[in-house]
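Protein sequences, first through last, are from chains L and B.
Just remember that our numbering sits 4 ahead of the position in the first sequence, which is counted from 1.
Just remember that our numbering sits 33 ahead of the position in the second sequence, which is counted from 1.
Glycine residues also receive a C-beta, built at the ideal position from the N, C-alpha and C atoms.
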Amino acid sequence: MPDFVDVSNAADNPAQGGSHAFRFHGTGREYFPIWIVNLLLTIVTLGIYSPWAKVRSQRYFHEATELAGARFGYHARPLSILIGRIIVLVLFVPYAILAKIQSPYALVYVPVLLVAGPWIIVKALRFRLRVTSYRGVRFSFSHEPGVMAGAYINFLGLPILGGLTLGLLYPYVLHQQYRWIADNSRYGAMPLRMAPAVGRFYLLSLILVAAILLFGGGIAAIIFSIAQAAKTTGDLSSAHYATFLLIPVVYAALFLVALLVTLWLAKTVVQRLSLADVTLSASWQLGPVLWLYVSNGLLLVFTLGFAYPWVRCRTARYVLEHLTVHAPTGLDSFVAGAQSETGAFGDQAAAFFDIDVGIGF
Amino acid sequence: MTAGAPHATWTGRLYRAGLSRAETVTVQAGPQGLVLSGMEGDGARAVPRHTLTIVPPIGGDYWRFEFANGDTLEVIGGGPLATALGHTPNLLSRLEGSWRLALAAVPVLLGLGAATWYWGVPWAADLAAAHTPPWVERKLTDAGLDLIFRNEKERTTVDPTRQKRLAGILADMVGAQDGDAFRLHFLNSPLIGPNAFALPGGDIVVTDQLLKILDDEEVAAVLAHEVGHVRHRHGLRLALRASGLSVLAAVAVGDASTAGHFLVGAPVLLLNLRFTREFEAEADADALAWLSRSPGPHEPPRSPCAFARALRKIVDSPEVKQAATIAGHIPSWLATHPMTEERLRPFDAACPTKI
Chain L
5 MPDFVDVSNA
15 ADNPAQGGSH
25 AFRFHGTGRE
35 YFPIWIVNLL
45 LTIVTLGIYS
55 PWAKVRSQRY
65 FHEATELAGA
75 RFGYHARPLS
85 ILIGRIIVLV
95 LFVPYAILAK
105 IQSPYALVYV
115 PVLLVAGPWI
125 IVKALRFRLR
135 VTSYRGVRFS
145 FSHEPGVMAG
155 AYINFLGLPI
165 LGGLTLGLLY
175 PYVLHQQYRW
185 IADNSRYGAM
195 PLRMAPAVGR
205 FYLLSLILVA
215 AILLFGGGIA
225 AIIFSIAQAA
235 KTTGDLSSAH
245 YATFLLIPVV
255 YAALFLVALL
265 VTLWLAKTVV
275 QRLSLADVTL
285 SASWQLGPVL
295 WLYVSNGLLL
305 VFTLGFAYPW
315 VRCRTARYVL
325 EHLTVHAPTG
335 LDSFVAGAQS
345 ETGAFGDQAA
355 AFFDIDVGIG
365 F
Chain B
34 MTAGAPHATW
44 TGRLYRAGLS
54 RAETVTVQAG
64 PQGLVLSGME
74 GDGARAVPRH
84 TLTIVPPIGG
94 DYWRFEFANG
104 DTLEVIGGGP
114 LATALGHTPN
124 LLSRLEGSWR
134 LALAAVPVLL
144 GLGAATWYWG
154 VPWAADLAAA
164 HTPPWVERKL
174 TDAGLDLIFR
184 NEKERTTVDP
194 TRQKRLAGIL
204 ADMVGAQDGD
214 AFRLHFLNSP
224 LIGPNAFALP
234 GGDIVVTDQL
244 LKILDDEEVA
254 AVLAHEVGHV
264 RHRHGLRLAL
274 RASGLSVLAA
284 VAVGDASTAG
294 HFLVGAPVLL
304 LNLRFTREFE
314 AEADADALAW
324 LSRSPGPHEP
334 PRSPCAFARA
344 LRKIVDSPEV
354 KQAATIAGHI
364 PSWLATHPMT
374 EERLRPFDAA
384 CPTKI
């Protein structure tokens, strides 16, 4: 075979360039015993096993996710998660006691939490991305000196400004937060980028606000008409009781709009991300997502929660398999960034509070 | 144990340290470790066993081999390869692969969940209620009273002397040391109909519609029942138990779906009925005890018959009957109280002459 023919790429054709949908190989059937063992050991050890359970289930979902023939990896160490959780517990037991005896000193924690918030967010993002890998290369979150300042601007300064402008600035604040997270995320040494979408954020917010106002008006109209009837006639006919049935309908309509806005928001963000020349597109649609919500809810209720592994897997499958990566020059050219171990504490503090910072894998 | 055939080969993907570039390689188990071939540039490469870490899959068959120099090798279906290198699955991964264990665990977990649901949550909620300072109940009650008397603008039409008389009966009933906590409120509400209810802090509300059909002795019997609710802190305990169950249901059903939250509401509501029945029975027992005790020298006469009379009058009142006929609207009084006749059996038994 001549030297210049690249054997690996010939065999690896799909990775060379083009579009790849994510594939999810996990199944409820396979995840069920894993989940049960996690649950049993967590109960038996009174929660001490929970970091191990978390790592094992995260590993299951990462390693079942395939993109262009390669799987994702999750590398968090359970012991560091456990230590982080214990530290958080120790920090918050005094608060629980102070609150219990209704001491005004408990209020000291409010500014502490406010000030620590952005710091925790940065630590959480660093941890979350650092322990994720793909093709032997880790993701990471910026360690540049300005990143903490950025966190305080975007997660403390701007929200206060948003409040001062009576919420008019909130869509912009949300947009800046998403953008800041994306722009400071990296795959290897390559930074992720998010193209601006301020207009779209305002449009979606407007739709949501309009829906909430309509919803409030509808509920008020129903209640008012019934109250009016009760006042004038003193008793209610069955027609008035039927009006009550309109309330769940109005609720469902609001839920639908909220779901649609959430979906559009996710698409807006995902389709504006880029990593060098690699871009993403998503084909999530309202109908299937709504069905996923409803069927998941029914499954969980009628199995008393035992369908949870199936629910997790079918949700992951839908979300991932409708997400496509466009890599015109392939995924072979990324290199790892500088290695840096992050401490467990701040990272795990965030894991303890289950702070969802939105983006990330 | 049978290791893979000596010359079996697998296809893997090799990533050099810090590079995302994938190389497809042929992998074999050699006597000292892995033997890789088919890479670009160099020929076969031997990786000694002690320089590589085998990362077994959690479910699935994605095997990862991490080399000491930072390279990573991925082999789908690499189980036999790992076995040939001397890897044995640990206890945990054997357990995680066992459907028998999983199925056996289901009834255990169900039993544990049911025990928490039936005994754990009520016990914890009652414990929390016992440690709740009285001012919390006071706040809850004030908020509730505000809501009730703001929405129902109609003033009570009950004669002030009767109001005073009933308040006196209540004060005698609860005794001097509790006197301040208990307050009687009158509410004119055609919508609620003949009813009485107790709020957590000791405020008892009776409707004008109730006073219209009951005499003072019967009202006193109803008040004795409501005082029972207050004494046992039923309001707070019910609220805490209900929130405990909602939390438990949310944990069981998970946060995977918002639709789930709408659906878990209904069973929790049904369970509240179980608690309210239990609480009604407790309040009835208190009422019976008070009614069976002989009155003080200046107090009006009392008898268990009065409670039975009161309840039958309420159930037979046109408002309650009319409400019951409207489909889908069962008055809370009927739904939450044990079936009337069954409830009244101890009162009838204690009543010297059948009414």
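Can you list, in chain order, the residues of its chain whose CB lies under 8 Å from that of residue i, leaving out five sequence neighbours each side?
i                      : result
residue 81 of chain B  : 65 and 66
residue 319 of chain L : 296 and 300
residue 177 of chain L : 158, 162, 163, 165 and 166
residue 154 of chain L : 184 and 188
residue 62 of chain L  : 78 and 80
residue 281 of chain L : 331, 332 and 333
residue 334 of chain B : 250 and 328
residue 198 of chain B : 249
Would residue i pass as an interface residue toward chain L - the criterion being a Cβ-Cβ separation below 8 Å?
i                      : result
residue 336 of chain B : no
residue 105 of chain B : yes
residue 90 of chain B  : yes
residue 151 of chain B : no
residue 377 of chain B : no
residue 46 of chain B  : yes
residue 266 of chain B : no
residue 54 of chain B  : yes
Name the chain B residues that come within less than 8 Å of residue i, Cβ to Cβ?
i                      : result
residue 325 of chain L : Chain B residues near residue 325 of chain L: none, gap ~16 Å exceeds 8 Å.
residue 40 of chain L  : 134, 135, 138, 139 and 142
residue 34 of chain L  : 92 and 93
I want to verify the contact list: residues of chain B whose CB lies under 7 Å from the CB of residue i, in sequence order.
i                      : result
residue 29 of chain L  : 93
residue 44 of chain L  : 138
residue 89 of chain L  : By Cβ distance, chain B contributes nothing, its closest Cβ being about 18 Å from residue 89 of chain L, past 7 Å.
residue 310 of chain L : 139
residue 60 of chain L  : 91
Quick check on residue i - is its C-beta less than 8 Å from some C-beta in chain B?
i                      : result
residue 67 of chain L  : yes
residue 192 of chain L : yes
residue 74 of chain L  : yes
residue 336 of chain L : yes
residue 8 of chain L   : Here residue 8 of chain L scores only 41 on pLDDT, less than 50, and its place in the model should not be relied on; the value that follows carries that caveat. Cβ-Cβ to chain B under 8 Å: no for residue 8 of chain L.
residue 96 of chain L  : no
residue 134 of chain L : no
residue 64 of chain L  : yes
Counting only the same chain and skipping the five closest in sequence on each side, list residues whose C-beta sits under 6 Å from that of residue i.
i                      : result
residue 266 of chain B : 162
residue 237 of chain B : 217, 231 and 259
residue 22 of chain B  : Limits of chain B in this structure are 34 at one end and 388 at the other, which puts residue 22 of chain B out of reach.
residue 255 of chain B : 229 and 343
residue 171 of chain L : none
residue 57 of chain L  : 42 and 46
So residue i contacts chain L; which residues on that side make the cut at Cβ distance below 9 Å?
i                      : result
residue 250 of chain B : Under the 9 Å cutoff, chain L gives no residues; its nearest Cβ is about 29 Å from residue 250 of chain B.
Residue i touches chain L at which residues, Cβ-Cβ below 7 Å?
i                      : result
residue 130 of chain B : 37
residue 162 of chain B : None at all; the shortest Cβ gap to chain L is about 15 Å.
Note down, in chain order, every chain L residue with its Cβ under 8 Å from the Cβ of residue i.
i                      : result
residue 51 of chain B  : 140, 141, 192, 339 and 340
residue 148 of chain B : Within 8 Å Cβ-Cβ: nothing; residue 148 of chain B doesn't reach chain L, min ~12 Å.
Once the 5 residues before and after residue i are set aside, which same chain residues still bring their CB inside 7 Å of it?
i                      : result
residue 320 of chain B : 254, 257, 258, 261 and 340
residue 31 of chain L  : 317
residue 69 of chain L  : 26, 28, 75, 76 and 324
residue 225 of chain L : none
residue 250 of chain L : 226
residue 324 of chain B : 254, 257, 335, 336, 337, 339 and 340
I'd like to know whether the C-beta of residue i is nearer than 8 Å to at least one C-beta of chain D.
i                      : result
residue 101 of chain B : Among the protein chains of the structure shown, namely L and B, there is no chain D.
Consider the C-beta atom of residue i and the heavy atoms of the ligand MN; say whether any pair is separated by less than 7 Å.
i                      : result
residue 121 of chain L : Looking at this structure, you won't find the ligand MN or any other ligand, since it has none at all.
Please list the segments of the alpha helix (DSSP H) lying wholly inside the stretch 74 to 159 of chain L, counting only runs of 4 or more residues, in order along the chain. For the stretch 74 to 159 of chain L, whole alpha helix (DSSP H) runs of length 4 or above, ordered along the chain, are 82 to 104, 113 to 134 and 150 to 156.
In chain order, each alpha helix (DSSP H) run of at least 4 residues that lies wholly inside the stretch 232 to 311 of chain L: Listed in chain order, they are 242 to 248, 250 to 274 and 290 to 306.
Going along the chain, which unbroken runs of the beta strand (DSSP E) with 3 or more residues stay wholly within the stretch 34 to 88 of chain B? Fully enclosed beta strand (DSSP E) runs of 3 or longer: 42 to 48, 55 to 62, 66 to 70, 78 to 81 and 85 to 88.
Does the count of Cβ pairs from the stretch 77 to 96 of chain L and the stretch 143 to 150 of chain L closer than 8 Å reach three? Contact between the stretch 77 to 96 of chain L and the stretch 143 to 150 of chain L is absent, with fewer than three C-beta pairs closer than 8 Å.
Segments assigned alpha helix (DSSP H), at least 4 residues, entirely inside the stretch 166 to 217 of chain B: The DSSP assignment places 167 to 184 and 193 to 207 as complete runs of the alpha helix (DSSP H) inside the stretch 166 to 217 of chain B, in order along the chain (cut-off: 4 residues).
Pairs of beta-carbons, one from the stretch 113 to 124 of chain B and one from the stretch 46 to 63 of chain B, closer than 8 Å: are there three or more? Contact annotation: the stretch 113 to 124 of chain B touches the stretch 46 to 63 of chain B, with at least three C-beta pairs closer than 8 Å.
Entirely within the stretch 147 to 219 of chain L and at least 4 residues each: give me those alpha helix (DSSP H) ranges in chain order. Unbroken alpha helix (DSSP H) stretches of 4 residues or longer found wholly inside the stretch 147 to 219 of chain L: 150 to 156, 162 to 168 and 174 to 187, given in chain order.
Taking 8 Å as the cut-off, does the stretch 283 to 292 of chain L touch the stretch 257 to 267 of chain L (at least 3 CB pairs, one atom from each stretch)? With a cut-off of 8 Å, the stretch 283 to 292 of chain L and the stretch 257 to 267 of chain L count as touching, because enough Cβ pairs lie within range.
Is the stretch 94 to 107 of chain B close to the stretch 47 to 54 of chain B, with three or more CB pairs under 8 Å? Verdict: yes, contact present.
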